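**Q**
Number of protein chains: 6
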Amino acid sequence: MIGRSGIAVKTIERAASASVAELAKYGVATIHEAMGRVGLLAPAMRPIYPGAKICGPAVTIFAHPGDNWMLHVAAELLRPGDVAVLGTSSENADGMFGDLLATSFRSRGALGLVIDAGCRDVADLRAMGFPVWSTAISAKGTVKATLGSVNTPIICAGALVHPGDLIAADDDGVVVVPKARVAEVAAAAGRREAKEALTRERLAAGELGLDIYGMRETLARAGLRYLDDEAALERERNK
Amino acid sequence: MIGRSGIAVKTIERAASASVAELAKYGVATIHEAMGRVGLLAPAMRPIYPGAKICGPAVTIFAHPGDNWMLHVAAELLRPGDVAVLGTSSENADGMFGDLLATSFRSRGALGLVIDAGCRDVADLRAMGFPVWSTAISAKGTVKATLGSVNTPIICAGALVHPGDLIAADDDGVVVVPKARVAEVAAAAGRREAKEALTRERLAAGELGLDIYGMRETLARAGLRYLDDEAALERERNK
Amino acid sequence: MIGRSGIAVKTIERAASASVAELAKYGVATIHEAMGRVGLLAPAMRPIYPGAKICGPAVTIFAHPGDNWMLHVAAELLRPGDVAVLGTSSENADGMFGDLLATSFRSRGALGLVIDAGCRDVADLRAMGFPVWSTAISAKGTVKATLGSVNTPIICAGALVHPGDLIAADDDGVVVVPKARVAEVAAAAGRREAKEALTRERLAAGELGLDIYGMRETLARAGLRYLDDEAALERERNK
Amino acid sequence: MIGRSGIAVKTIERAASASVAELAKYGVATIHEAMGRVGLLAPAMRPIYPGAKICGPAVTIFAHPGDNWMLHVAAELLRPGDVAVLGTSSENADGMFGDLLATSFRSRGALGLVIDAGCRDVADLRAMGFPVWSTAISAKGTVKATLGSVNTPIICAGALVHPGDLIAADDDGVVVVPKARVAEVAAAAGRREAKEALTRERLAAGELGLDIYGMRETLARAGLRYLDDEAALERERNK
Amino acid sequence: MIGRSGIAVKTIERAASASVAELAKYGVATIHEAMGRVGLLAPAMRPIYPGAKICGPAVTIFAHPGDNWMLHVAAELLRPGDVAVLGTSSENADGMFGDLLATSFRSRGALGLVIDAGCRDVADLRAMGFPVWSTAISAKGTVKATLGSVNTPIICAGALVHPGDLIAADDDGVVVVPKARVAEVAAAAGRREAKEALTRERLAAGELGLDIYGMRETLARAGLRYLDDEAALERERNK
Amino acid sequence: MIGRSGIAVKTIERAASASVAELAKYGVATIHEAMGRVGLLAPAMRPIYPGAKICGPAVTIFAHPGDNWMLHVAAELLRPGDVAVLGTSSENADGMFGDLLATSFRSRGALGLVIDAGCRDVADLRAMGFPVWSTAISAKGTVKATLGSVNTPIICAGALVHPGDLIAADDDGVVVVPKARVAEVAAAAGRREAKEALTRERLAAGELGLDIYGMRETLARAGLRYLDDEAALERERNK
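Top line first, the protein sequences correspond to chains U, R, D, X, G and P. With this note's numbering, letter number 12 in the first sequence gets 12, and the count goes up by one each step, no holes. With this note's numbering, letter number 135 in the second sequence gets 1135, and the count goes up by one each step, no holes. With this note's numbering, letter number 74 in the third sequence gets 2074, and the count goes up by one each step, no holes. With this note's numbering, letter number 62 in the fourth sequence gets 3062, and the count goes up by one each step, no holes. With this note's numbering, letter number 204 in the fifth sequence gets 4204, and the count goes up by one each step, no holes. With this note's numbering, letter number 106 in the sixth sequence gets 5106, and the count goes up by one each step, no holes.
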């Protein structure tokens, strides 16, 4: 039913807000690692301006190329703190979303939009501080003619998103955390950050990852050979 | 004769300056809509720095990959307020334009450049405040060996541009308005903005596009069904 | 042996520091021209934030898609003023480099990284002022499982880089200067800049490149014809 | 758990073989339409030689860029009539599959492979008649170092595939049918083909789709205007 | 008015059939050269099977992404010998055209289709011998909801096409010849082929292009230097 | 000096013909593996028709976008059995090579061409049986205006090629073998093929790679867990 059209689900189960607040402390890269390196959207998904960072439950939207009708249906179903996430039935760069819809989404309390298509009015959106992650920027207008769905599972930029899953987005991209895993992932992210803080200090002090992570032996076992200089490399080449 | 080489037209008919000034008030997305959703250049055409916005008649340039000779021919034919627009005979990212040509173009009064190829010296151009919309940034130098044309009709990033047509460019991209339509489009853009200002207020106040645009009935007629919750969706899936 | 795995060369011959300092004055476009228009990396190589500019000898890294093991090996071999340069055995956008490695590289004195793959933690890197030129931004984590090499010749974004060659990078992209040519190229870049400064003045004063470069005759010889106006073009079309 | 590593599920529920045989009669485009226009893999997924057509339950494989270890794990779990389907954790074109694995897969009775990565030995595969749909052809070898999974849900070329779902692939691309829907979709595909056969006859006899589908009225209502000739168009342009 | 929607022009002026027959003798590369190297569609436009070659006047179609309504309108306006040519308002790979429309187009006498979008049922089209040049192959279905136009000027794969212009397509791609130039271009193509036949004979007999085209002197004047062997190159490098 | 223009080296040292003959027995994937997984050109390099396979020493050509002058210079320096290999100073798809140059190259005894640019007259080349590996097919004509080089080291599709290096090309792509390594690589390829022949037999007989390569233990050590069925996976998910 991924990609099924014609349905809008009114009430969805969202990730618990305490967990959302907890997870919101961490960056996308950390959350992705804490998940076990899953859940990342494709790197074509880029913020329309630098420095934005949001975290909230997904209201999912499924739409067709060049048709932004379902974004209006979604507006009504957004709650404060939500992140709208839109997947399409095929690749398309048209500017499905602009400052009017952003005004509507903001008045509903939405934090931002993740859209596997184009976005427009980006100067206005930057001025409003309404962040969008999109795969294109395009002024190309869209029609309102064909039904998609709201709050059904979608695929967005290669990732599966269920309504209510947690979306975290920053300058590195976008990651989705299944709602059932939010607390667990937040805890793992916290542990990771604590550990990384220590590592960062040691690295800043000049220690090497080779020593901190104990890589010298595994590298040697894998066969890494150190040559003294380029002359040694040249000799090897001519052997 | 699109793509014909070896001709430079000295005097072109430009869009009337009053109309240009009128149109310059509006953004690319608004103008594109006011045109009836035509005239947009492909979204690969991006500004080299954010925040630039220009509007003026086109001096058109046709060039070959890796050859920027005709930009020098164009310099002489630029008048204050013009926008240079360059199309190529095949796709190429070489840096055809840099700070020297920008200095020359500026001294002629040109507002900026739209180029279906690469641009270089972008830090200098940003410092000068000379905006360029290009499909690539590349330091790759070009030769001066093969004739193209200046002020003949060109295709740039998928759009047809006649010399003297109006070019509007901002963070959303670039749109071309045929010179004969400038006044009409400016008027339509004005009407659109006035209408959107009202809609924006209503949306900001919490009204929904569904109601403002009267979409509920058409959505229902198209077959949109609202389900109460995900359990209802699950039941449907198993039916 | 380009692409050979399992070797790390400890000591490399670097471009002389006086020459590096001299070359560091110039931009990538100027250096590329001074080289005779060679040595440029492909334009897909972009800085993760605008305004960065570095110049230093290359410590080269060869790695496999999705595997950042060799970046740790490289850290130990970096010296103050170096630029790390990474080529891969096949195209891949995974985020091989983030703030921890940047902390390590900085503590070794490295100026920045040029990577034919993805980068993550870009907000942190911007905050640290540690510049990276990459072909992608991606939070996707990588493994440490397969050997590559450090300080052997590599191909990065289509350019051949030997360890110790000089790397210059700015908003226009990245260029590599063979270490043996650094002094010569710096001199040529200086001559070019001096000449361009004069040209820039003349252009700013309204002189045309057509006259400064003496192009009018060559253009005429190549067959460029000036038509008075669009009506003349129309007549030609109908002949 | 999409993208979870380290698990291989031995026994999966496959679509019923009678339904598979029924569905195998139809092409990918017909099945995609019968599904309600869902389930299609992205068009980057192309057959390595023309004319191949397969249909069978999916054994799913999740792998990392440049690492084909899990294809060997999958070989053991393939049953006659199966189609192997591989998704990766990030985009990569390396040649993960060649004639040796094809020999192994064939000896297990597999019909073919759908791989969101590269394939090699394509001349041998064509000679063997072992079809592969891939996003690239590349001789680039891969390692066996990092665990993925077999028979867990995956995303392949933008489509969600559960183990045992039905995969149909031909010259038009690849579609996935959830196992629970196979019978229903086969029936719908049959009805569609029957109807299309009649339409095809009428179209071949010179009737127009405009009349067969009754489009004239809806087109007129949407505002389509017929002009007699290009002169009429020209008059309109100048109005 | 490029890209204007809602108009279908019933009668168009077509290139004269004698000239069409004359031009049909030549390949796309020859015609493109005979045109003065203009009129070529972008190389992304590829035939769905090798070996097809058509030449005929264009019936032009303008359509929106994911919407194939106007192809049905076009069917009625096709005459024997025509080539349908479709441009879109934005990039889209959906399969707008399949075997049913091909059956209809064929019954109208059309020779083939050039479409700046996707095509499906390609095995059937190959079997029918109905050639299509497209930018994608995709089974993705399309809707019939939004008006475009038929027989108005369009841009297709970067080339301007007026209704009635001549379209020639073969394994090298697609070229458009303005109807007013067909006779002239056919004559030029004939002269070119005659000349090339002589050149081909001389080249086959072992003469060099350097001598036939008299390039030795211009190469020398441009500065080409012949070195005897790689040792000489090495000496130069170390100078 | 990679990318240096204006030099043609007349006599180059070619790989020994006995070794070439030996290596010619093997496919590109086998040679790439025998090399230690290096030397492969990027997968964008594709044959213009299926089934071609060549192997011979490289005559290297460096050219600029849209300029095929140096192919004529190269023709004179080709010897029987050679493979011409062309790299460009920047990405470009123009059709630099067609049937006339192929006729000339064939009369010189060349086996084929590898070109990091476009090719045209592909139907003629297929009919002649003159194979080309290119990154594009395009009828776009090129000029003869700017010097490149012949028989200097080049980078082609991301691989370093010295004149005289061995080029092997087939349906899987193109690999370059440094001339000094040809004998060694041929021997390694032979050993690999012998070993693979045995493995192929065992796989065809139903043995698994897991057992032949002894992977079961390393997989277990890496943590691979087998679950009995999807219910077990579901239980795990909910733990």
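Where is the CB? At the ideal position from N, CA and C, for every residue including glycine. In this text, all values refer to a predicted model and were calculated from it rather than measured experimentally.
What residue range is occupied by the uninterrupted beta strand (DSSP E) comprising SER2134 (chain D)?
**A** Locating residue 2134 (chain D) in the third sequence gives position 134, where the first residue counts as 1. Run containing SER2134 (chain D): 2132-2137, per the beta strand (DSSP E) assignment.
**Q** Confirm, please, whether the CB-CB distance from ALA3063 (chain X) to THR3088 (chain X) is below 8 Å.
**A** Taking the fourth sequence and counting its residues from 1, one reaches residue 3088 (chain X) at position 88. Taking the fourth sequence and counting its residues from 1, one reaches residue 3063 (chain X) at position 63. Yes, the pair counts as a contact, with Cβ atoms nearer than the cut-off.
**Q** Taking only beta-carbon atoms, is ASP1165 (chain R) less than 8 Å away from chain U?
**A** On the second sequence, residue 1165 (chain R) is found 165 positions in, with the first residue counted as 1. So, not an interface residue.
**Q** What is the DSSP secondary structure of ALA2109 (chain D), counted as helix, strand or coil?
**A** Your numbering for residue 2109 (chain D) matches position 109 in the third sequence. Looking at the sequence itself, residue 2109 (chain D) is Gly, so the reference to Ala does not match. Three-state DSSP puts GLY2109 (chain D) in coil, outside helix and strand.
**Q** Give me the residue from D:THR2011, D:TYR2049, D:GLY2036 with the minimum Cα distance to ALA2058 (chain D).
**A** Within the third sequence, numbered from 1, the residue matching residue 2058 (chain D) stands at position 58. The residue with the shortest Cα to Cα distance from ALA2058 (chain D) is D:THR2011.
**Q** Starting from ALA5084 (chain P), trace the beta strand (DSSP E) in both directions and tell me its first and last residue.
**A** For the purposes of this step, residue 5084 (chain P) is taken as residue 84 along the sixth sequence, with counting starting at 1. Per DSSP, ALA5084 (chain P) belongs to the beta strand (DSSP E) from 5083-5088.
**Q** Using a Cβ-Cβ distance cut-off of 8 Å, determine whether ASP2116 (chain D) contacts chain R.
**A** Working through the third sequence from its first residue, we reach residue 2116 (chain D) at position 116. Closer than 8 Å: no.
**Q** If you draw a straight line from the C-alpha of SER1104 (chain R) to the C-alpha of ASP3124 (chain X), how long is it?
**A** Locating residue 1104 (chain R) in the second sequence gives position 104, counting from the first residue. Locating residue 3124 (chain X) in the fourth sequence gives position 124, counting from the first residue. Distance between the alpha carbons of SER1104 (chain R) and ASP3124 (chain X): 60 Å.
**Q** Which residue comes first and which comes last in the beta strand (DSSP E) that contains VAL1059 (chain R)?
**A** Here residue 1059 (chain R) corresponds to residue number 59 of the second sequence, with the count starting at 1. Where VAL1059 (chain R) is concerned, the enclosing beta strand (DSSP E) stretches over 1054-1063.
**Q** CB-CB under 7 Å to TYR5226 (chain P), same chain, minus the five flanking residues each way: which ones, in chain order?
**A** As a first step, residue 5226 (chain P) must be located in the sixth sequence, where it is residue number 226. None.
**Q** By the 10 Å Cβ neighbour count, where 16 or more other Cβ atoms means buried, how is ARG5237 (chain P) classified, buried or exposed?
**A** In the sixth sequence, counting from the first residue as 1, residue 5237 (chain P) sits at position 237. Looking at its Cβ environment, which holds fewer than 16 other Cβ atoms inside 10 Å, ARG5237 (chain P) is exposed.
**Q** Helix, strand or coil for MET1096 (chain R), going by three-state DSSP, please let me know.
**A** Stepping through the second sequence from its first residue, residue 1096 (chain R) is reached at position 96. MET1096 (chain R) falls in the strand class under three-state DSSP.
**Q** Out of R:LEU1210, R:THR1152, R:ARG1106, R:ALA1194, which one is the CA nearest neighbour of GLU2207 (chain D)?
**A** Position 207 of the third sequence, counted from the start, is the residue given in the question as residue 2207 (chain D). Closest by alpha carbon: R:ARG1106.
**Q** Between GLY5141 (chain P) and chain D, is the shortest Cβ-Cβ distance under 8 Å, so that the two count as touching?
**A** As a position in the sixth sequence, residue 5141 (chain P) is number 141, starting the count at 1. Cβ-Cβ to chain D under 8 Å: no for GLY5141 (chain P).
**Q** In this structure, does DSSP put ILE2002 (chain D) in helix, strand or coil?
**A** Looking up residue 2002 (chain D) in the third sequence gives position 2. The answer is coil: DSSP assigns ILE2002 (chain D) none of H, G, I, E or B.
**Q** Quick check on DSSP: helix, strand or coil for GLY158 (chain U)?
**A** Taking the first sequence and counting its residues from 1, the one referred to as residue 158 (chain U) is at position 158. The answer is coil: DSSP assigns GLY158 (chain U) none of H, G, I, E or B.
**Q** For LEU3077 (chain X), does the three-state DSSP call read helix, strand or coil?
**A** Sequence index remark: in the fourth sequence, residue 3077 (chain X) carries index 77 (1-based). It is helical.
**Q** Show which residues of chain R have a CB atom less than 8 Å away from the CB atom of ASP5094 (chain P).
**A** Looking up residue 5094 (chain P) in the sixth sequence gives position 94. Near ASP5094 (chain P) (Cβ distances below 8 Å), the residues of chain R are PRO1065, SER1090.
**Q** Could you pull out every residue in the same chain whose Cβ sits closer than 8 Å to the Cβ of VAL5122 (chain P), ignoring the five residues on either side in sequence?
**A** Here residue 5122 (chain P) is taken as the residue at index 122 of the sixth sequence, counted from 1. Around VAL5122 (chain P): ILE5048, TYR5049, VAL5132, ILE5137.
**Q** What residues in the region 1051-1075 of chain R have a beta carbon less than 7 Å from any beta carbon of chain G?
**A** If the cut-off is 7 Å between Cβ atoms, the region 1051-1075 of chain R has nothing near chain G.
**Q** What number of angstroms, rounded off, separates the C-alpha of ALA4188 (chain G) from the C-alpha of ALA5075 (chain P)?
**A** Locating residue 4188 (chain G) in the fifth sequence gives position 188, where the first residue counts as 1. Locating residue 5075 (chain P) in the sixth sequence gives position 75, where the first residue counts as 1. For ALA4188 (chain G) and ALA5075 (chain P), the distance between alpha carbons rounds to 28 Å.
**Q** So which residues on chain X does ALA2127 (chain D) lean against when the C-beta distance must stay under 9 Å?
**A** Here residue 2127 (chain D) corresponds to residue number 127 of the third sequence, with the count starting at 1. What ALA2127 (chain D) touches in chain X: nothing, since even the nearest Cβ is about 26 Å away.
**Q** Considering only residues of the same chain and omitting the five flanking positions on each side of GLY5158 (chain P), which have a CB-CB separation below 8 Å?
**A** Indexing the sixth sequence from 1 puts residue 5158 (chain P) at position 158. Closer than 8 Å at Cβ, skipping near neighbours: LEU5041, ALA5042.
**Q** Is the CB-CB distance between VAL5085 (chain P) and ILE5167 (chain P) below 8 Å?
**A** Residue mapping note: residue 5085 (chain P) aligns to position 85 of the sixth sequence, counting from 1. Residue mapping note: residue 5167 (chain P) aligns to position 167 of the sixth sequence, counting from 1. In this structure, ILE5167 (chain P) lies closer than 8 Å to VAL5085 (chain P) by Cβ.
**Q** Since PRO3163 (chain X) and GLU5193 (chain P) should fall inside the 8 Å C-beta cutoff, what is the C-beta to C-beta distance between them, to a whole number of angstroms?
**A** Within the fourth sequence, residue 3163 (chain X) is the residue found at index 163, counting from 1. Within the sixth sequence, residue 5193 (chain P) is the residue found at index 193, counting from 1. Not a contact, Cβ separation roughly 35 Å.
**Q** Could you tell me which chain U residues have their CB closer than 9 Å to the CB of ARG2221 (chain D), listed as they occur along the chain?
**A** The sequence position of residue 2221 (chain D) within the third sequence is 221, counting from 1. Within 9 Å Cβ-Cβ: nothing; ARG2221 (chain D) doesn't reach chain U, min ~43 Å.
**Q** Please report the distance separating the alpha-carbon of GLU217 (chain U) from that of GLY5173 (chain P).
**A** Here residue 217 (chain U) refers to the residue found at position 217 when the first sequence is read from its first residue. Here residue 5173 (chain P) refers to the residue found at position 173 when the sixth sequence is read from its first residue. Taking the straight line from one Cα to the other gives about 37 Å.
**Q** With distance defined between alpha-carbon atoms, name the residue in D:GLU2022, D:GLU2033, D:GLY2006 nearest to ARG5004 (chain P).
**A** Taking the sixth sequence and counting its residues from 1, one reaches residue 5004 (chain P) at position 4. Selected option, being the one with the closest Cα: D:GLU2033.
**Q** Determine which residues share a DSSP beta bridge with LEU227 (chain U) and list them.
**A** In the first sequence, the residue the question calls residue 227 (chain U) occupies position 227. In the DSSP output, where bridge partners are listed per residue, LEU227 (chain U) has D:VAL2009.
**Q** State yes or no: is the beta carbon of ALA4024 (chain G) nearer than 8 Å to at least one beta carbon in chain P?
**A** As a first step, residue 4024 (chain G) is located in the fifth sequence; it is residue number 24 there, counting from the start. No - not a single Cβ of chain P is within 8 Å of the one on ALA4024 (chain G).
**Q** Residues of chain D with CB under 8 Å from ARG5037 (chain P), in chain order?
**A** The sequence position of residue 5037 (chain P) within the sixth sequence is 37, counting from 1. Here the neighbours are GLY2003, SER2005, SER2089.
**Q** From GLY5190 (chain P) to GLY56 (chain U), what does the alpha carbon distance come to, in whole angstroms?
**A** Start at 1 with the first residue of the sixth sequence, and residue 5190 (chain P) comes out as number 190. Start at 1 with the first residue of the first sequence, and residue 56 (chain U) comes out as number 56. Those two C-alpha atoms are separated by around 58 Å.
**Q** Can you tell me which of the three DSSP states ILE2048 (chain D) falls into?
**A** For the purposes of this step, residue 2048 (chain D) is taken as the residue at position 48 of the third sequence. In this structure, ILE2048 (chain D) counts as coil in the three-state DSSP scheme.
**Q** Does VAL2038 (chain D) come out as helix, strand or coil in the three-state DSSP assignment?
**A** Taking the third sequence and counting its residues from 1, one reaches residue 2038 (chain D) at position 38. Three-state DSSP puts VAL2038 (chain D) in coil, outside helix and strand.
**Q** Kindly list the residues whose CB is nearer than 6 Å to the CB of ALA1139 (chain R), restricted to its own chain and excluding five residues on each side of it in sequence; keep chain order.
**A** Here residue 1139 (chain R) refers to the residue found at position 139 of the second sequence. So the list reads GLY1095, ARG1120, once near-sequence residues are dropped.
**Q** I need the DSSP call for GLY1173 (chain R), collapsed to helix, strand or coil.
**A** For this step, residue 1173 (chain R) is matched to residue 173 along the second sequence. GLY1173 (chain R) falls in the strand class under three-state DSSP.
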